[in-house]
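To keep things clear, I will list the structure first and then write my remarks on it.
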Amino acid sequence: MEVIQSGEEVLLQPVDIHAFREHNRQKPKGLVNKLMSEREAVSRFIQDGNYIGTELYGSVRAPMSITREIVRQGKKNLRLAGQGVLEADLLLAASLIKMLDITYIGLEVYGISHCLRREVESGRIEKCVEWSNAALAWRFKAAAMGVPFIPVKSMLGTDTLKYSAAKVVKCPFTGDPLCLLPALILDVGLIHVHRADIYGNAQIDGISGFSAELARASKRLIISAEEIIPTELIRSQPDRTIIPYYLVDAVVEAPFGSHPGEMYYQYRRDEEMIKEWVEASKEAETTQAFLEGYIYGVDDHEAYMEKVGKERLTGLIVEHPRRAS
Amino acid sequence: MNSKDYNPTELLICSAARLMTDNSTAFIGTGIPMLAASLAQHMHAPNLVTIFEFGGTGAILEKLPLAVGGSRTFHRALAASGICDIVETAQRGFIEYGFLGGAQIDPYGNLNSTVIGDHDHPKVRLPGSGGGNDVGSHCWQTIAIMRHDRRRFVQKVDFITTPGYLTGPGARENAGLPAGTGPYRVVSNLGIMGYHPETCQMVLLATQPGITVDEVLENTGFEILLPEEVEVNPSPTTEELRILREEVDRDRLYI
């Protein structure tokens, strides 16, 4: 295939499908109890310098309890698949990110991310490699397919492509220019789900975001779940299992694990807390005070929930007629 | 309606809503596009199907979503899938309208939401493409919603995040983007803009009520094309405003 254009940025993670296959071959295929605490999951499976990614989106079904634990343990020099809101913001606030494959980091209705601005404009983030939202999801999809790239029609003709690590080729079938996105294999993926069993069979209700793709693109996968359920219940509705156990390395029980984001069918977002973060994040000093209050100053997710207040959390619960596990 | 009877956000919402047609599909982000889609559903387009990036298709927007992946984006929806399915649906040509925004727009409708200044040493680091580039690449007709001033309507954007007509006629097709797609309208607080069919450059189609053509020109950082007759966009009607305030955004989250 004739390469017409190459994105000028570097690949932040090598496209090594062979190593990925070897890695996957070694993963245990037996049903092993993987239930552990946030502390154990993060200390065992995330190392300084790792490339990590989270799903879904910072105010929606996001692995916030795991993210807070990463901040608490101060895992540093991380590379991040940068699609996020509150979760990405916390990692940036603690200056843990060295390089970004970025599509969107912001605060949605509350505007641009002050933490992103501080980290990038100061030069503390060494690289921002640009992509579109679907491009990042498709890069996970390529890794999930076990192939080195995926052809798409996004990003063509733009600076988004110029400042990416994509390539444009002449399509061997149609002759048209085509964008090739390199597979993105994560060292560690983090996903919050509605329910899982102790082996890691994980079920998600509602929209699935890019959970299926990210789970299959991760060398190591940490699942946090609102609820740990018996495997028999998984077996009674296997069609809901988006993530089968063999992909998973750690299962963490995390009720209100997406707080202050929402968990659809279960609890709504904590608007007051999100606004508190938006305000605090405007200045470096208040940002650090927030981190001290809600992360460094509390031992774990249980202590976080106590700090936020059980009554406040219970007040966020929504009733949905269909859902029952 | 007198312009004192509605605010600029309400004007943008009503203007955008009128552009959507019934029995079509619209790729919706949070904010004004969502309110416009909901208003269109209540008025002339009851069968307009809203599509949200992270998987919601055909939601009933009884309560306004605060996040593109939030539960309200698939409230009583017809399908709940994921981002690959949604953008692949756009890539296959199923999605008619797409809504876009950005910090800067140029005469060809190219949009910047990535950086102000140099990419590697930016003056302001903006959020990035998000779904913008995907929407601008695949939807048949895109509608940009912008606040109108010379810092935003510029001759050259600092960074082309999302493709408009790029450098002009044929440029999208030459770059490999799907044929027949591209910018359709720009809705601003000062006017409604389209694109010249031959040069692909921005044309002022109508001024917003109470705004003169000169005011549009003064607030545009490039030479905007003028047709023989510039229309006046009708003010929001009493009915549009009633539905917007009493049904679409009862809790006044946005308006």
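Residue numbers (our numbering), protein chains in the order written: chain P, 2 to 326; chain R, -11 to 243.
We treat Cβ as the ideally placed atom computed from N, Cα and C, and that holds for glycine.
The alpha-carbon of P:Leu185 is positioned some 13 angstroms away from that of P:Ile103. Within the segment 243 to 322 of chain P, the beta strand (DSSP E) runs of at least 3 residues that lie entirely inside it are, in chain order, 251 to 254.
With a 10 Å radius around the Cβ and a threshold of 16 neighbouring Cβ atoms, P:Lys35 comes out buried. The beta-carbon of R:Thr9 is placed no less than 8 angstroms from the nearest beta-carbon of chain P.
For the segment 162 to 196 of chain R, the beta-carbon criterion of a distance under 7 angstroms to any beta-carbon of chain P is satisfied by Ala163, Gly164, Leu165, Pro166. Taking 8 angstroms as the threshold, the shortest C-beta distance from R:Asp122 to chain P falls below it.
The Cβ-Cβ distance between P:Ala136 and P:Val121 does not fall below 8 angstroms. Closest in alpha carbon position to P:Ile192, among P:Thr175, P:Tyr200, P:Leu179, P:Gly210, is P:Gly210. Only those residues of the segment 66 to 100 of chain R whose C-beta falls short of 7 angstroms from the nearest C-beta of chain P are listed: Ala68, Ser69, Gly70, Ile71, Cys72, Val75, Gln79. DSSP lists no bridge partner for P:Gly207.
Residues of the segment 43 to 69 of chain R with a C-beta atom less than 8 angstroms from some C-beta of chain P are Gly43, Gly44, Leu54, Ala55, Val56, Gly57, Gly58, Ser59, Thr61, Phe62, Ala68, Ser69, listed in chain order.
Contact between P:Asn51 and P:Val252 is absent: CB atoms are separated by about 19 angstroms, not below the 8 angstroms threshold. Pairing R:Pro151 with R:Arg160 gives a Cβ-Cβ distance under 8 angstroms. Comparing alpha-carbon positions, the option among P:Val170, P:Ala94, P:Glu56, P:Gly310 lying closest to P:Tyr297 turns out to be P:Ala94. Residue state for P:Tyr111 is assigned as helix, using DSSP reduced to three classes. Put simply, the backbone Cα of P:Ile67 is about 8 angstroms away from that of P:Ala42. For the pair of segments examined, the segment 106 to 118 of chain P was found to touch the segment 111 to 121 of chain R: the number of CB pairs separated by less than 8 angstroms reaches three.
In the structure shown, R:Pro34 adopts coil according to DSSP, grouped into three states. Excluding the 5 residues flanking it on each side, P:Lys163 has same chain C-beta neighbours closer than 7 angstroms at Gly8, Glu9, in chain order. A direct Cα-Cα distance of roughly 5 angstroms separates P:Ala281 from P:Thr287.
In this structure, the beta-carbon distance from P:Leu92 to P:Leu101 does not fall below 8 angstroms. The beta carbon of P:Glu214 falls within 8 angstroms of a beta carbon belonging to chain R, placing the residue at that interface. Per DSSP, the continuous alpha helix (DSSP H) segment holding P:Arg236 begins and ends at 232 to 237.
Identification of chain R residues near P:Val61 by a Cβ-Cβ cut-off of 7 angstroms yields Ala55, Gly57, Gly58, ordered along the chain. The Cβ of P:Trp139 sits closer than 8 angstroms to at least one Cβ of chain R. Of all residues in the segment 5 to 37 of chain R, those with a C-beta nearer than 8 angstroms to a C-beta of chain P are Thr18, Gly19, reading in chain order. From the listed residues R:Tyr172, R:Gly182, R:Leu178, the smallest Cα separation to R:Phe87 is found for R:Tyr172.
The contact set of P:Asp271 on chain R, defined by CB atoms closer than 9 angstroms, is empty, because the minimum CB distance reaches about 12 angstroms. According to the DSSP secondary-structure assignment, R:Gly179 is paired through a beta bridge with R:Thr195.
Contact between R:Tyr153 and R:Tyr96 holds: their C-beta atoms lie close to 4 angstroms from each other, under 8 angstroms. About 5 angstroms separates the CB atoms of P:Pro261 and P:Ile275; that is less than 8 angstroms, so the two are in contact. Under the Cβ distance rule, R:Gly158 does not count among the residues neighbouring chain P, no pair being separated by less than 8 angstroms.
Listed by position along chain R, the residues whose Cβ is nearer than 9 angstroms to that of P:Thr159 are Asn98, Ser117, Asn121, Gly124, Ser125, Phe147, Ile148, Thr149, Thr150, Pro151, Leu154, Ala163. Rounded to the nearest angstrom, the gap between the Cα atoms of R:His109 and R:Val103 is 9 angstroms. Listed as beta-bridge partners of P:Ser225 by DSSP are P:His193, P:Val253. Residues of chain P whose Cβ lies closer than 9 angstroms to the Cβ of R:Thr102 are, in chain order, Ile103, Cys129, Glu131, Asp160, Thr161, Tyr164.
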